[in-house]
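The next block holds one structure in the form of structure tokens; read it before the comments.
In the working numbering, the protein residues as written are 1 to 157.
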């Protein structure tokens, strides 16, 4: 079962599923607060979000006691992200370049919509602020993969 708050995304994915004849997948447009989940997966999402703290706060609302949250995000020190950091700096501090390329302030690089860069420390600190317990982190030169975070049940409100 997959939920998304954006109806157009649900329609798009539903069409892809039908086109590729994939079975046993149910999609729904939901506000996300009418159910709870034991497992939450955010794969390659956080680098696209302007306010990751607010995203985690909203995800936390649907988590059960002892829910697990799996996160993958590009490594902020990986080769692609280092290149994007340069574009990000130029776009943030140089209106002429941004206007010339017709890019919004938060969109960087060569069509990339990454507006955040995460290192192991930065994303771990983000989840620690909200009382998540880090279970494991796998770090590579390209991805910070599978931040396996479980909410600490004594800190759950």
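Each residue gets a CB set at the ideal place from its N, CA and C atoms; glycine is no exception. Being a predicted model, the structure only gives us computed values, none of them experimental.
Self-check item: Extent of the continuous alpha helix (DSSP H) run through residue 169
Solution: This structure cannot speak to residue 169, because the chain is shown only from 1 to 157.
Quiz item: Looking at the unbroken alpha helix (DSSP H) that takes in residue 60, where does it start and where does it end?
Solution: On the chain shown, position 60 is the one that residue 60 refers to. First-last of the alpha helix (DSSP H) with residue 60: 52-60.
Quiz item: Does the pairing of the stretch 44-64 with the stretch 15-22 give three or more beta-carbon distances under 8 Å?
Solution: The stretch 44-64, when compared against the stretch 15-22, does not touch it at the 8 Å Cβ threshold.
Practice problem: Pull up the DSSP beta-bridge partners for residue 72, would you. | Solution: Numbered from 1 along the chain shown, position 72 holds the residue referred to as residue 72. Note: residue 72 is bridge-paired with 43 in the DSSP secondary-structure output.
Exercise. Quick one: grab the DSSP three-state call for residue 128.
Key: As a first step, residue 128 is located in the chain shown; it is residue number 128 there, counting from the start. Assignment of residue 128 by DSSP, reduced to helix, strand and coil, places it in the helix class.
Self-check item: Euclidean distance between Cα positions of residue 54 and residue 13
Solution: Counting from 1 along the chain shown, the entry for residue 54 is found at position 54. Counting from 1 along the chain shown, the entry for residue 13 is found at position 13. C-alpha separation (whole angstroms): 25 Å.
Quiz item: How is residue 123 classed by DSSP in three states: helix, strand or coil?
Solution: In the chain shown, the residue the question calls residue 123 occupies position 123. Three-state result, residue 123: helix.
Quiz prompt | Secondary structure of residue 107, DSSP reduced to three states | solution = Working through the chain shown from its first residue, we reach residue 107 at position 107. Only weak support exists for where residue 107 lies, its pLDDT of 49 falling under 50; the coordinates are left without a value.
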